[in-house]
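*Asks:*
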Amino acid sequence: MTLEIFLRLLVAGLMIGSVYALIGMAYSLVYRGTRLINWAQGDFFMVGAFVGYTFVGPLGMPYWAALLAAGGAMFLFGAATHGTIVRVITRRGGRLVDVLLATIGLSIVLQNAVSLLWGTDVKQIPSPLPGTFAAGPVLVPNQSLAVLGVSVATVVAIYLFLYRTPFGMTMRASAENRYAASVVGIRTGRVDAVTWGLAAAVCGIAGVMLAPLFGAHFYMGVTVGLKGFAAAVVGGFGNPWGALVGGLMLGVLETFGAFVLSSPWRDAVTMLVLIVFLIVRPTGLFRSEAFHD
Amino acid sequence: MTSPALPSTSRLRGLAATADTARVRRSLVLLALALTLMIPVAVSGNAYLTLLVSLIAIYLIAVTGLDVVFGYSGQVSLGHAAFYGVGAYSVAILSGLNGWPVSASMLVGCVLAAGLAAVIGWPSVRLVHHFLALVTIGLGEIMRLTFLNASDFTRGFRGIGQIPRPALPGLDTSNSTEFLYLIVVVAIAGIWLKENIGRSWWGRLFNGMRTNARAAEAFGAPLIRARTIAFSVSAVYGALAGGFYASLISYVSPDTFTFAQSTLFFSMVLIGGAGTRFGPLIGVILLTFVAEFGQQFQFGQGLFYGLMIIGVIMFLPRGIVGSLEDLYRDKVRAPARRSGRGVTIVSPEAEGE
Amino acid sequence: MSDQLRLQVRGLTKRFGGLLAVNAVDIDVRDNEIVSIIGPNGSGKTTTFNLISGAIRPDAGSVRLEGEELAGLRPDQISRKGIARTFQMPELFMTLTVLDHLLIGMQGRMRAGLLASALSLPSTRREERAARAEAADVLSTFGDRLTADRMGDLARSLSYANRRRLEISRALALRPRLLLLDEPAAGMNPRETQDLMGIIGGLRDGGHTILLIEHDMGVVLNVSDRVIALDHGEKIAEGLPREVAAHPRVVEAYLGG
Numbered sequence: 012m013t014l015e016i017f018l019r020l021l022v023a024g025l026m027i028g029s030v031y032a033l034i035g036m037a038y039s040l041v042y043r044g045t046r047l048i049n050w051a052q053g054d055f056f057m058v059g060a061f062v063g064y065t066f067v068g069p070l071g072m073p074y075w076a077a078l079l080a081a082g083g084a085m086f087l088f089g090a091a092t093h094g095t096i097v098r099v100i101t102r103r104g105g106r107l108v109d110v111l112l113a114t115i116g117l118s119i120v121l122q123n124a125v126s127l128l129w130g131t132d133v134k135q136i137p138s139p140l141p142g143t144f145a146a147g148p149v150l151v152p153n154q155s156l157a158v159l160g161v162s163v164a165t166v167v168a169i170y171l172f173l174y175r176t177p178f179g180m181t182m183r184a185s186a187e188n189r190y191a192a193s194v195v196g197i198r199t200g201r202v203d204a205v206t207w208g209l210a211a212a213v214c215g216i217a218g219v220m221l222a223p224l225f226g227a228h229f230y231m232g233v234t235v236g237l238k239g240f241a242a243a244v245v246g247g248f249g250n251p252w253g254a255l256v257g258g259l260m261l262g263v264l265e266t267f268g269a270f271v272l273s274s275p276w277r278d279a280v281t282m283l284v285l286i287v288f289l290i291v292r293p294t295g296l297f298r299s300e301a302f303h304d
Numbered sequence: 012m013t014s015p016a017l018p019s020t021s022r023l024r025g026l027a028a029t030a031d032t033a034r035v036r037r038s039l040v041l042l043a044l045a046l047t048l049m050i051p052v053a054v055s056g057n058a059y060l061t062l063l064v065s066l067i068a069i070y071l072i073a074v075t076g077l078d079v080v081f082g083y084s085g086q087v088s089l090g091h092a093a094f095y096g097v098g099a100y101s102v103a104i105l106s107g108l109n110g111w112p113v114s115a116s117m118l119v120g121c122v123l124a125a126g127l128a129a130v131i132g133w134p135s136v137r138l139v140h141h142f143l144a145l146v147t148i149g150l151g152e153i154m155r156l157t158f159l160n161a162s163d164f165t166r167g168f169r170g171i172g173q174i175p176r177p178a179l180p181g182l183d184t185s186n187s188t189e190f191l192y193l194i195v196v197v198a199i200a201g202i203w204l205k206e207n208i209g210r211s212w213w214g215r216l217f218n219g220m221r222t223n224a225r226a227a228e229a230f231g232a233p234l235i236r237a238r239t240i241a242f243s244v245s246a247v248y249g250a251l252a253g254g255f256y257a258s259l260i261s262y263v264s265p266d267t268f269t270f271a272q273s274t275l276f277f278s279m280v281l282i283g284g285a286g287t288r289f290g291p292l293i294g295v296i297l298l299t300f301v302a303e304f305g306q307q308f309q310f311g312q313g314l315f316y317g318l319m320i321i322g323v324i325m326f327l328p329r330g331i332v333g334s335l336e337d338l339y340r341d342k343v344r345a346p347a348r349r350s351g352r353g354v355t356i357v358s359p360e361a362e363g364e
Numbered sequence: 002m003s004d005q006l007r008l009q010v011r012g013l014t015k016r017f018g019g020l021l022a023v024n025a026v027d028i029d030v031r032d033n034e035i036v037s038i039i040g041p042n043g044s045g046k047t048t049t050f051n052l053i054s055g056a057i058r059p060d061a062g063s064v065r066l067e068g069e070e071l072a073g074l075r076p077d078q079i080s081r082k083g084i085a086r087t088f089q090m091p092e093l094f095m096t097l098t099v100l101d102h103l104l105i106g107m108q109g110r111m112r113a114g115l116l117a118s119a120l121s122l123p124s125t126r127r128e129e130r131a132a133r134a135e136a137a138d139v140l141s142t143f144g145d146r147l148t149a150d151r152m153g154d155l156a157r158s159l160s161y162a163n164r165r166r167l168e169i170s171r172a173l174a175l176r177p178r179l180l181l182l183d184e185p186a187a188g189m190n191p192r193e194t195q196d197l198m199g200i201i202g203g204l205r206d207g208g209h210t211i212l213l214i215e216h217d218m219g220v221v222l223n224v225s226d227r228v229i230a231l232d233h234g235e236k237i238a239e240g241l242p243r244e245v246a247a248h249p250r251v252v253e254a255y256l257g258g
């Protein structure tokens, strides 16, 4: 393996890994905040891409504006999902498994709805930064770097939001101790909706970022969602920063693995990692409380 | 030490009499069910109908097994297609490619599936309640990828064709109608076995574990062992269904055994009503019809299907049959005070006869 | 009556992080007596029960049931040895019937294997029928408060007092060698409490051996043969009810806090 190949794989791995990281963070944010799993994070990623496509294409918005608008739209969508489906289920006594199943249903609904509304062909979004960047011997598509950059920016934004704003502190308090939070007057229902919205927005942004590279297709969220989930498990489910590390690791592992083994086994590597972690180390690399009695 | 007086023999005889009538009644219902599935096909001879009902019977086998692990022991299994696939590929590889008798390869498939379930299930069921759900998703994916990539054994994406049918003396299984009879008989037998389990102390064990694991354990429920056993039983049913599927269609390929297939199986139990007598049947029939007759609407059908899942979880957590049972209990039996906190997703009642 | 104690607990200890919840507690229970463990909230009573019944593992100490060591076994294993318990908050199977609860209590004695049950063999069916007949007898302990015609009622339809009675009935169905009752009268009004204590006394007279937890001493004064007082995880007094009630450390524990 030459240095050029190594670097190329590394950048590609980090790039796709950062997408897995964002999806994984979404899973973990929702779990930590609401103790629930939203299985449709991958499909929020997909819907975000289509919303971004609609803003850029038919509506002619500039790319970065579309990115932010799509993020906002997905935030509302995520919050609405919580306010409707999730609330009804938890009100009648439903628990994590019920919401998991309902969001599996949501995933199906979203894939079919998108196919009906946008059709089944792959939609293209032109990249805002076409061309490639020469990093030493390696040629990297600018969009890949943009994905990495936006991912980093999103993570930083989440951190700042959670740790430097009053509402972020409210969210952390509610995640820490729901009962105590409600006792001091925090509207936990509202906080939960924001949590779901935030997670959805993160996925949506990732979708809009990735679309110029691979196009937007109604099925694109399926494997990404599963891998994002694996990233969250590896990092310790419920730990967004662990998911970050887990996602990058998985992306790199997968890219190098696909180079060494044949490409079809690429997905298998991630699934194997997922199941090994679930069985052998369910608390993840960074020892989360989830999945532990 | 207190020992209640042994129940008098006349009392036991009285109980035996009522139990026997109930048993005969139950057997007749199953017989009627079998006939309902067989007669329309026998009469019409329509090839499409035969295929459809055969598929329904096969799904019924798979979903009955899923109801054992979900409706009885309360564990969500989202990887049922893995066992379905193990059964199908066992028959495909051993009988299709290597000439084994189908019954032998089905047996191998069931054993492999049970073993897989035990190996994966055992370490998984000890952790928090929803854990198996996630592991089974991973398992389903791993099996699919194995079917796809282990081309030396499974022929990968090309699949395996020309799979024979089981040879049974007196039955011409190459005749689709007669093969249907075989599948229906097996499906009914599967339901009968499952119901017997449900009525026995094993059924009570599962019910208790599902409803209140802590209390169940304090009264003798070996949680890990029982959950693993339930999971293995579901795997056997799944593999059996898969084996029949391979013979029926005479071709298998990896893209049958996907997460979508697992979700479909699970939706059938969920929407029909887990843990109920006819829930799995209703679920299978309803969703098979939605799939068949919704074909023309393609994505509209998928949309409807997804909305059904969400709707059932939100508003009919006990599924169609379960909700009807609840309605019956509320309206027909003396209304009793409820504690009013709402129901979790599956809480079938054991029948106290 | 044998020399062997029905229950012998020695040096039972449990730590939760830095907190010593149960500290080298010794308990003796002879055949056919009622021993009550009393103490203010947080004194380690329920933790002691959880240790004896296997719900949590002790850090040190031994628990012997008629000489047989139980420490370290799982709850289901311990229940099969013949220890039945009730919980502080009723842990019922809300969507199951009264009859089911009793049958579940009897479960440990059932023999049928999975395949035999699946095939509904005659031996399995006989076992079932005998169990159901026995269930009615167990329920009769509570006379006309929880009658046999309520067998088909769901647990969640029962009143609070009946739920507590059902808890105890389920425990009795196990035909236990030792009955652990965790605050059985909690939440009941004085009349119901007195009623229940009368029934518990009747169980002892009928041959049961009972270890009881209660934080209100007055409740158990009349029905207990002996009383053990805990405070902050330690045994501070033991003896006849009146003696313990008057013991200065016990009085201080309740008043001091």
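Top line first, the protein sequences correspond to chains A, B and C. For reference, each letter of the first sequence is one residue, going 12 to 304 in this note's numbering. For reference, each letter of the second sequence is one residue, going 12 to 364 in this note's numbering. For reference, each letter of the third sequence is one residue, going 2 to 258 in this note's numbering. Glycine included, every Cβ here is placed at the ideal spot set by N, Cα and C. As the structure is a computational prediction, the values presented were derived from the model and not from experiment.
Need the endpoints of the beta strand (DSSP E) that C:Asn24 sits in, please.
*Replies:* Position 23 of the third sequence holds residue 24 of chain C. From DSSP, the beta strand (DSSP E) with C:Asn24 extends over 20 to 30.
*Asks:* Give the interface partners of B:Leu41 over in chain C, defined as CB-CB distance under 9 Å, in chain order.
*Replies:* The count along the second sequence starts at 1 and reaches residue 41 of chain B at position 30. Result: empty, since nearest Cβ-Cβ is about 12 Å, beyond 9 Å.
*Asks:* Quick one: what's got a C-beta closer than 8 Å to C:Gly12's C-beta in the same chain, skipping five residues either side?
*Replies:* Taking the third sequence and counting its residues from 1, the one referred to as residue 12 of chain C is at position 11. Here the set comprises Ala25, Val26, Asp27, Ala61, Gly62, Ser63.
*Asks:* Using a Cβ-Cβ distance cut-off of 8 Å, determine whether A:Arg298 contacts chain B.
*Replies:* The residue you call residue 298 of chain A lines up with position 287 of the first sequence. No, because no Cβ of chain B sits closer than 8 Å to the Cβ of A:Arg298.
*Asks:* Looking at B:Gly311 and A:Leu171, is the spacing between their C-beta atoms short of 8 Å?
*Replies:* As a position in the first sequence, residue 171 of chain A is number 160, starting the count at 1. As a position in the second sequence, residue 311 of chain B is number 300, starting the count at 1. A distance of 8 Å or more separates the beta carbons of A:Leu171 and B:Gly311.
*Asks:* Within a Cβ cutoff of 6 Å, which residues of the same chain sit near B:Thr222, ignoring the five residues on either side of it in sequence?
*Replies:* Counting from 1 along the second sequence, the entry for residue 222 of chain B is found at position 211. Beyond the five residues adjoining it in sequence on each side, B:Thr222 comes within less than 6 Å, by CB distance, of no other residue in the same chain.
*Asks:* Tell me where the alpha helix (DSSP H) around C:Ile129 begins and ends.
*Replies:* Counted from its first residue, the third sequence places residue 129 of chain C at position 128. Reading off the sequence, residue 129 of chain C comes out as Glu, not Ile. Here the alpha helix (DSSP H) through C:Glu129 covers 123 to 140.
*Asks:* Determine the DSSP secondary structure at A:Ala227, reduced to helix, strand or coil.
*Replies:* Numbered from 1 along the first sequence, position 216 holds the residue referred to as residue 227 of chain A. Of the three classes helix, strand and coil, the one that applies to A:Ala227 here is strand, per DSSP.
*Asks:* In chain order, what residues of the same chain lie with their CB nearer than 6 Å to the CB of B:Ala16, ignoring the 5 residues before and after it?
*Replies:* Indexing the second sequence from 1 puts residue 16 of chain B at position 5. No answer about B:Ala16 holds up, because its pLDDT of 44 lies below 50 and its placement is not dependable.
*Asks:* So which of B:Gly170, B:Pro112, B:Ala161, B:His91 has the shortest CA-CA distance to B:Gly132?
*Replies:* As a working mapping, residue 132 of chain B is identified with position 121 in the second sequence. B:Gly132 has its Cα closest to that of B:His91, out of B:Gly170, B:Pro112, B:Ala161, B:His91.
*Asks:* Closest by CA to B:Phe270, which one among A:Val233, A:Ala145, A:Arg298?
*Replies:* Walking along the second sequence from the start, residue 270 of chain B turns up at place 259. Among A:Val233, A:Ala145, A:Arg298, the Cα nearest to that of B:Phe270 is on A:Val233.
*Asks:* Name, please, each residue of chain C whose Cβ falls closer than 8 Å to the Cβ of B:Ala226.
*Replies:* Mapped onto the second sequence, residue 226 of chain B falls at position 215. Within chain C, the residues near B:Ala226 are Phe88, Glu92, Leu93, Phe94.
*Asks:* Of all the options B:Phe190, B:Val295, B:Ile174, B:Leu297, which has the alpha carbon lying nearest to the alpha carbon of B:Gly181?
*Replies:* The sequence position of residue 181 of chain B within the second sequence is 170, counting from 1. Here the closest residue by C-alpha is B:Phe190.
*Asks:* Could you tell me which residues DSSP pairs with C:Ser63 in its beta bridges?
*Replies:* As a first step, residue 63 of chain C must be located in the third sequence, where it is residue number 62. C:Arg11, per the DSSP bridge assignment.
*Asks:* Taking C-beta to C-beta, are C:Leu93 and B:Ala226 nearer than 8 Å?
*Replies:* Residue numbering aside, residue 93 of chain C sits at position 92 when the third sequence is read from its first letter. Residue numbering aside, residue 226 of chain B sits at position 215 when the second sequence is read from its first letter. Yes, the Cβ-Cβ distance between C:Leu93 and B:Ala226 is below 8 Å.
*Asks:* By how many angstroms is the C-alpha of A:Ile286 removed from the C-alpha of B:Phe158?
*Replies:* Here residue 158 of chain B refers to the residue found at position 147 of the second sequence. Here residue 286 of chain A refers to the residue found at position 275 of the first sequence. Roughly 17 Å between the two C-alpha positions.
*Asks:* Once DSSP output is grouped into helix, strand and coil, what is the label at A:Arg298?
*Replies:* On the first sequence, residue 298 of chain A is found 287 positions in, with the first residue counted as 1. DSSP places A:Arg298 in coil when its eight states are reduced to three.
*Asks:* Strictly below 9 Å CB to CB, what residues from chain A border B:His141?
*Replies:* Taking the second sequence and counting its residues from 1, the one referred to as residue 141 of chain B is at position 130. Correct list: Ile48, Arg106, Leu107, Val108, Leu111, Phe302.
*Asks:* Give a yes or no on whether the minimum CB-CB distance between C:Pro185 and chain B is below 8 Å.
*Replies:* One-based indexing of the third sequence puts residue 185 of chain C at position 184. No - not a single Cβ of chain B is within 8 Å of the one on C:Pro185.
*Asks:* What is the DSSP secondary structure of B:Glu362, counted as helix, strand or coil?
*Replies:* Taking the second sequence and counting its residues from 1, one reaches residue 362 of chain B at position 351. Bear in mind that the predicted position of B:Glu362 carries a pLDDT of just 32, short of 50, making it unreliable; the figure below should be weighed with that in mind. Reduced to three states, the DSSP call for B:Glu362 is coil.
*Asks:* Does any residue of chain A have a CB that is nearer than 8 Å to the CB of B:Met325?
*Replies:* If you number the second sequence from 1, residue 325 of chain B lands on position 314. For B:Met325, the answer is yes, since a Cβ of chain A falls inside 8 Å of its Cβ.
*Asks:* Output the distance between the C-alpha atoms of C:Leu21 and A:Val284, rounded to the nearest integer angstrom.
*Replies:* Taking the first residue of the third sequence as 1, we reach residue 21 of chain C at position 20. Taking the first residue of the first sequence as 1, we reach residue 284 of chain A at position 273. Approximately 40 Å, taken between the alpha carbons.
*Asks:* Is it true that the stretch 51 to 65 of chain A meets the stretch 108 to 127 of chain A, where meeting means three or more beta-carbon pairs spaced less than 8 Å apart?
*Replies:* yes
*Asks:* What are the residues of the stretch 29 to 45 of chain A that lie near chain E, defined by any Cβ-Cβ distance shorter than 9 Å?
*Replies:* Considering every chain present, this structure includes no chain E. Its protein chains are A, B and C.
*Asks:* Hey, could you find the ends of the beta strand (DSSP E) A:Phe144 is sitting in?
*Replies:* Position 133 of the first sequence holds residue 144 of chain A. First-last of the beta strand (DSSP E) with A:Phe144: 143 to 146.
*Asks:* Between C:Ile84 and C:Arg178, is the Cβ-Cβ spacing less than 8 Å?
*Replies:* Residue mapping note: residue 84 of chain C aligns to position 83 of the third sequence, counting from 1. Residue mapping note: residue 178 of chain C aligns to position 177 of the third sequence, counting from 1. Yes.
*Asks:* Under 8 Å: do the stretch 249 to 256 of chain B and the stretch 103 to 116 of chain C share three or more Cβ pairs, one atom per stretch?
*Replies:* Verdict: no, contact absent.
*Asks:* For B:Thr47, would you say it is in contact with chain A, using Cβ-to-Cβ distances shorter than 8 Å as the test?
*Replies:* Your numbering for residue 47 of chain B matches position 36 in the second sequence. Output row for B:Thr47: interface = no.
*Asks:* Look at the Cβ atom of B:Thr75, then the Cβ atom of B:Gly201, and state whether they are nearer than 8 Å.
*Replies:* Walking along the second sequence from the start, residue 75 of chain B turns up at place 64. Walking along the second sequence from the start, residue 201 of chain B turns up at place 190. Yes, the pair counts as a contact, with Cβ atoms nearer than the cut-off.
*Asks:* Under 8 Å, Cβ to Cβ, is there at least one residue of chain C near B:Leu251?
*Replies:* Here the question's residue 251 of chain B lines up with position 240 in the second sequence. B:Leu251 does not count as touching chain C.
*Asks:* Can you tell me whether DSSP reads A:Thr199 as helix, strand or coil?
*Replies:* Within the first sequence, the letter at position 188 stands for residue 199 of chain A. Reduced to three states, the DSSP call for A:Thr199 is helix.
*Asks:* Please name the residues in the stretch 99 to 114 of chain C whose beta-carbon is closer than 7 Å to at least one beta-carbon of chain B, in chain order.
*Replies:* Listed by position along the chain: Leu100, Asp101, Leu104, Ile105, Gly106, Gln108, Gly109, Met111, Ala113.
*Asks:* Counting only C-beta atoms, is C:Pro76 closer than 8 Å to chain B at any point?
*Replies:* Here residue 76 of chain C refers to the residue found at position 75 of the third sequence. It does: the Cβ of C:Pro76 has a partner Cβ on chain B nearer than 8 Å.
*Asks:* Would B:Thr32 and B:Leu89 be called neighbours here (beta carbons separated by less than 8 Å)?
*Replies:* What you label residue 32 of chain B is simply residue 21 of the second sequence in a count that begins at 1. What you label residue 89 of chain B is simply residue 78 of the second sequence in a count that begins at 1. No, the pair does not count as a contact, with Cβ atoms beyond the cut-off.
*Asks:* Please list the residues of the stretch 267 to 294 of chain A that have a C-beta atom closer than 7 Å to any C-beta atom in chain B, keeping them in chain order.
*Replies:* Pro275, Trp276, Asp278, Ala279, Met282, Leu283, Leu285, Ile286, Leu289, Ile290, Pro293
*Asks:* Indicate the three-state DSSP secondary structure (helix, strand or coil) for C:Gln5 in the structure shown.
*Replies:* On the third sequence, position 4 is the one that residue 5 of chain C refers to. If DSSP states are grouped into helix, strand and coil, C:Gln5 belongs with coil.
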